[in-house]
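Participant: Order-wise, the sequence lines are chains A and B.
If you're matching positions, the first sequence starts at 1 in my numbering and goes up one per residue.
If you're matching positions, the second sequence starts at 1 in my numbering and goes up one per residue.
Don't be surprised by glycine CBs; every beta carbon is placed ideally from N, CA and C.
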Amino acid sequence: MWLEGGNWQFILGTDELGRDLLSRLIQGSRLSLLIGLSSVVISLIPGIFLGLLAGFFPRILGPSIMRLMDVMLALPSLLLAVAIVAILGPGLINTVIAIAIVSLPSYVRLTRAAVMGELNRDYVTAARLAGAGLPRLMFVTVLPNCMAPLIVQATLSFSSAILDAAALGFLGLGVQPPTPEWGTMLASARDYIERAWWVVSLPGLTILLSVLAINLMGDGLRDALDPKLKNAA
Amino acid sequence: MFSFIARRLGLLIPTFFGITLLTFALIRLIPGDPVEVMMGERRVDPEMHAQAMERLGLNKPLPEQYLDYVGKLAQGDLGESLRTRESVWSEFLALFPATLELAIAALFFAGVIGLLAGVIAALKRGSLFDHGVMGISLAGYSMPIFWWGLILIMFFSVSLGWTPVSGRIDLLYDIEPKTGFMLIDTLLSDEEGAFKDALMHLILPAIVLGTIPLAVIARMTRSSMLEVLREDYIRTARAKGLSPARVVFVHRYRPESALPLPLQGVLAGVFAQQRRGRRADVHEPDRVLRAVRPLGRTAQPQRAISRLPADPAGVARRR
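1) Is there a Cβ of chain A sitting closer than 7 Å to that of Val-282/B, yes or no?
2) Can you find a C-beta in chain A that's less than 7 Å from the C-beta of Ile-13/B?
3) Taking C-beta pairs closer than 9 Å, name the residues in chain B that Ile-87/A reaches, listed in chain order.
4) Give me the residue from Thr-221/B, Ile-212/B, Ala-206/B with the minimum Cα distance to Glu-101/B.
5) Find the residues of chain A that neighbour Pro-213/B, judging by a C-beta separation of less than 8 Å, and give them in chain order.
6) Per DSSP, what are the beta-bridge partners of Ser-224/B in this structure?
7) Mind pulling the chain A residues with CB within less than 8 Å of Ala-105/B?
8) Consider the Cβ of Asp-164/A: report whether some Cβ of chain B lies at a distance smaller than 7 Å.
9) With a Cβ-Cβ cutoff of 7 Å, do Thr-163/B and Phe-155/B count as a contact?
10) Distance, Cα to Cα, Pro-61/B vs Ala-161/A?
11) Do Leu-209/B and Ala-106/B have their C-beta atoms closer together than 7 Å?
12) By how many angstroms is the C-alpha of Leu-88/A removed from the C-alpha of Leu-82/B?
13) When DSSP builds the beta bridges, which residues end up paired with Asp-20/A?
14) Determine, using beta carbons only, whether Ile-207/A comes closer than 7 Å to chain B.
15) In terms of residues, what are the limits of the alpha helix (DSSP H) holding Ser-106/A?
16) Would you grab the beta carbon distance between Leu-11/B and Pro-34/B for me? Rounded to a whole angstrom, and I think it's under 8 Å.
17) If we ignore side chains and look at the alpha-carbon of each, how far apart do Val-211/A and Glu-231/B end up?
18) For Phe-57/A and Arg-128/A, I'd like the C-alpha separation in whole angstroms.
19) Considering only the beta carbon of each residue, do Ile-27/B and Val-71/A sit closer than 7 Å?
20) Would Gly-126/B and Arg-222/B qualify as a contact pair, given that the criterion is a beta-carbon distance under 7 Å?
21) For Leu-173/A versus Pro-90/A, is the C-beta spacing smaller than 7 Å?
22) Under 8 Å, CB to CB, which of the residues in the stretch 116-146 of chain B have a partner in chain A?
23) Once you ignore the five residues that flank Ile-278/A on each side, which residues in its own chain have a CB closer than 6 Å to its CB?
24) Roughly how many angstroms separate the alpha carbons of Leu-229/B and Ala-237/B, rounded to a whole number?
25) Take Met-200/B as the anchor and find which of Ile-153/B, Leu-242/B, Ala-74/B, Ser-224/B has the nearest alpha-carbon.
26) Would you mind sorting Asp-281/B into buried or exposed? The rule is 16 or more other CB atoms within 10 Å of its CB.
27) Any idea what DSSP makes of Glu-194/A, helix, strand or coil?
28) Could you pull the DSSP bridge partners for Ser-87/B from this structure?
29) I'd like to check one pair, Arg-85/B with Ser-137/B: are the Cβ atoms closer than 7 Å?
30) Taking beta-carbon pairs under 9 Å, can you tell me which members of the stretch 208-222 of chain A lie near chain B?
31) Taking 7 Å as the cut-off, decide whether the C-beta atoms of Gly-180/B and Pro-97/B are in contact.
32) Measure the C-alpha to C-alpha separation of Leu-308/B and Leu-95/B and round it to an integer number of angstroms.
33) Buried or exposed: which applies to Leu-186/A, given that a residue is buried once 16 or more other Cβ atoms fall within 10 Å of its Cβ?
34) For Ser-38/A, which residues in the same chain have their Cβ closer than 7 Å to its Cβ, ignoring the five residues on either side in sequence?
35) Would you mind working out which of Ala-114/A, Asp-223/A, Ala-189/A sits nearest Thr-155/A, comparing C-alpha positions?
36) Distance check for Ala-148/A and Leu-73/A, CA to CA, integer angstroms please.
Printed below as a string of structure tokens:
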């Protein structure tokens, strides 16, 4: 091994309680992906629904939904997430809920903008003339044509959800120890910063790598689905 | 045009009330007794407790408390901190220059390096340097910066000993806060080496905070630069026999350097808000760590969060 006293039984070494770091990192990946995926799904579904409503009812309902979203956007997202977790109490499920609430406005705004763009198209008028009811117009006619930016946004917020979850864990508000969540592991490793570089650097490296991978996927999806945006940063 | 602007501004009013309502609700919903927060862990006898509640106006019904809060807010009174008993304004004004100083330093770092890297990458499109810059900037974009800060501290402060681990200035120096900007204050004082010390304290936090904007700026500069390079006037300038450096920095550089600027403005706002949460543990360790650290450890979120009730409008105001 590279380090004095290392042995092959624990390839990446052990943490302050003698637990194998590699196993905990691998176990933690399940948690991070779970948090990312579930918070995206939980905010995507109501986000799309609210966005559709806001797009279809531009008189009273739409603006009130959008004002509500503005209010949520006005607070810094991590601060809002911290406040929500402080109210609900730390833990896995509450972390997911907090991240889902925080990322809701972006879906609503995106869906509404896409819906407004589609509503004046001829095919919508045609569907309306053919007697399509409101739910059919919303979900069958318009929604599928708004999906491309939503899919890209969902991928990108997947990665930011992982980052936010790790940040909450790092602040001691996310998933609680001894659960091997990456941010939580980092927080408890912080005290050993002078003696054991591996317990500090490796959890962060896994966060970086997974977020990077998902961002690369998001870039690829954007190029494939939304060629207009190809060269934007 | 005017009616459009007026309508947009009119929308601010309901949004503002929404924000006050939301912050008020969040703070009231956070579990914990404000009087206990004030008194610390000691047991408070019920009579004193009732008195304190009376004094703070916390025994009134919630809608009335909300109206009090908004009424005071409209007069510019942000209330006082439950913990330090100082007015929120004075706490805010004392801390804000530090935030601003750090945000400016980070943007300076990100802007200079990001523009240079983006321009060179675009000029040498397809080269190793180009791929390197784009790869690194994508990594920077994905960076968990609370970890990045730790890594840099570990390397530069602990292993190499180049920069201090935390704080804004060494305890050796006694700097009178005239402007609140440590760099300016140290210049104004006649203490030897104080400026350099303050600078060393600022460098690492600025780099960490500038990492994500740096990545964004480098990518945007490169792509807008690539577009400009295709324009005819660049070929004309080269044909006139202008030196390559002049073409790059005068002719090519200008049009797109205007583009990332608004971006930087936006980011400056973003960071001023997010700094406290993300990069808590380097720049102002005692104040911020006090706020952040005990959260998980003591399982008493309300104690740590007591900074929030102190500062509901400060949160809104930071925008």
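Facilitator: Checking against the coordinates, here is how it stands:
1) Position 282 of the second sequence, counted from the start, is the residue given in the question as residue 282/B. Any answer about Val-282/B is weak, because its pLDDT of 36 lies below 50 and its placement is not dependable; what the coordinates show is given next. No, no contact with chain A.
2) What you label residue 13/B is simply residue 13 of the second sequence in a count that begins at 1. No, no contact with chain A.
3) The residue given as residue 87/A occupies position 87 in the first sequence. Ordered by position in chain B, the residues that pass the 9 Å Cβ test against Ile-87/A are Leu-26, Leu-29, Ile-30, Pro-31, Pro-301.
4) The count along the second sequence starts at 1 and reaches residue 101/B at position 101. Among Thr-221/B, Ile-212/B, Ala-206/B, the Cα nearest to that of Glu-101/B belongs to Ala-206/B.
5) Locating residue 213/B in the second sequence gives position 213, where the first residue counts as 1. Chain A residues near Pro-213/B: none, gap ~11 Å exceeds 8 Å.
6) One-based indexing of the second sequence puts residue 224/B at position 224. Partner(s): none; Ser-224/B has no beta bridge.
7) Against the second sequence, residue 105/B aligns to sequence position 105. Within 8 Å Cβ-Cβ: nothing; Ala-105/B doesn't reach chain A, min ~20 Å.
8) The count along the first sequence starts at 1 and reaches residue 164/A at position 164. Closer than 7 Å: no.
9) Indexing the second sequence from 1 puts residue 163/B at position 163. Indexing the second sequence from 1 puts residue 155/B at position 155. No.
10) The sequence position of residue 61/B within the second sequence is 61, counting from 1. The sequence position of residue 161/A within the first sequence is 161, counting from 1. Spanning the two alpha carbons is a distance of roughly 38 Å.
11) Residue 209/B sits at position 209 when you count from the first residue of the second sequence. Residue 106/B sits at position 106 when you count from the first residue of the second sequence. In this structure, Ala-106/B lies closer than 7 Å to Leu-209/B by Cβ.
12) As a first step, residue 82/B is located in the second sequence; it is residue number 82 there, counting from the start. As a first step, residue 88/A is located in the first sequence; it is residue number 88 there, counting from the start. Taking the straight line from one Cα to the other gives about 22 Å.
13) Along the first sequence, read from residue 1 onward, the residue named residue 20/A stands at position 20. Per DSSP, Thr-14/A.
14) As a first step, residue 207/A is located in the first sequence; it is residue number 207 there, counting from the start. Answer yes: the Cβ-Cβ gap between Ile-207/A and chain B drops below 7 Å somewhere.
15) The residue you call residue 106/A lines up with position 106 of the first sequence. Segment 92-119, the alpha helix (DSSP H) holding Ser-106/A.
16) The count along the second sequence starts at 1 and reaches residue 11/B at position 11. The count along the second sequence starts at 1 and reaches residue 34/B at position 34. That pair is no contact at about 33 Å.
17) For the purposes of this step, residue 211/A is taken as residue 211 along the first sequence, with counting starting at 1. For the purposes of this step, residue 231/B is taken as residue 231 along the second sequence, with counting starting at 1. In a straight line, the C-alpha of Val-211/A is about 36 Å away from that of Glu-231/B.
18) For the purposes of this step, residue 57/A is taken as the residue at position 57 of the first sequence. For the purposes of this step, residue 128/A is taken as the residue at position 128 of the first sequence. When rounded, the distance between both Cα atoms is 15 Å.
19) Here residue 27/B corresponds to residue number 27 of the second sequence, with the count starting at 1. Here residue 71/A corresponds to residue number 71 of the first sequence, with the count starting at 1. The answer is no: Cβ separation not under 7 Å.
20) Against the second sequence, residue 126/B aligns to sequence position 126. Against the second sequence, residue 222/B aligns to sequence position 222. Not in contact: Gly-126/B and Arg-222/B (Cβ atoms no closer than 7 Å).
21) Position 173 of the first sequence, counting from 1, holds the residue named residue 173/A. Position 90 of the first sequence, counting from 1, holds the residue named residue 90/A. Taking 7 Å as the Cβ cut-off, Leu-173/A and Pro-90/A qualify as a contacting pair.
22) Leu-138, Ala-139, Tyr-141, Ser-142, Met-143, Pro-144, Phe-146
23) Residue 278/A falls outside the range modelled here, since chain A spans only 1 to 233, and no answer is possible.
24) The residue given as residue 229/B occupies position 229 in the second sequence. The residue given as residue 237/B occupies position 237 in the second sequence. If you take the alpha carbons of Leu-229/B and Ala-237/B, they lie about 11 Å apart.
25) Along the second sequence, read from residue 1 onward, the residue named residue 200/B stands at position 200. Selected option, being the one with the closest Cα: Ile-153/B.
26) Counted from its first residue, the second sequence places residue 281/B at position 281. A caution first: Asp-281/B carries a pLDDT of 35, below 50, which makes its placement in the model unreliable, though a value can still be read off. It counts as buried.
27) The residue given as residue 194/A occupies position 194 in the first sequence. Reduced to three states, the DSSP call for Glu-194/A is coil.
28) Numbered from its first residue, the second sequence carries residue 87/B at position 87. Ser-87/B is bridged to Glu-80/B.
29) Along the second sequence, read from residue 1 onward, the residue named residue 137/B stands at position 137. Along the second sequence, read from residue 1 onward, the residue named residue 85/B stands at position 85. Contact: no.
30) Leu-208, Leu-209, Ser-210, Val-211, Leu-212, Ala-213, Ile-214, Asn-215, Leu-216, Asp-219
31) For the purposes of this step, residue 180/B is identified with residue 180 of the second sequence, where counting begins at 1. For the purposes of this step, residue 97/B is identified with residue 97 of the second sequence, where counting begins at 1. Yes, the Cβ-Cβ distance between Gly-180/B and Pro-97/B is below 7 Å.
32) Counting from 1 along the second sequence, the entry for residue 308/B is found at position 308. Counting from 1 along the second sequence, the entry for residue 95/B is found at position 95. Because the pLDDT of Leu-308/B is 35, which lies under 50, any placement of that residue in the model is unreliable, and the number read from its coordinates should be weighed accordingly. Going from the Cα of Leu-308/B to the Cα of Leu-95/B covers about 15 Å.
33) Position 186 of the first sequence, counted from the start, is the residue given in the question as residue 186/A. When all chains shown are included, Leu-186/A counts as buried.
34) As a position in the first sequence, residue 38/A is number 38, starting the count at 1. Same-chain partners within the cutoff: Val-96.
35) For the purposes of this step, residue 155/A is taken as the residue at position 155 of the first sequence. Out of Ala-114/A, Asp-223/A, Ala-189/A, Asp-223/A has the C-alpha closest to the C-alpha of Thr-155/A.
36) For the purposes of this step, residue 73/A is taken as the residue at position 73 of the first sequence. For the purposes of this step, residue 148/A is taken as the residue at position 148 of the first sequence. If I take the Cα positions, the gap works out to 23 Å.
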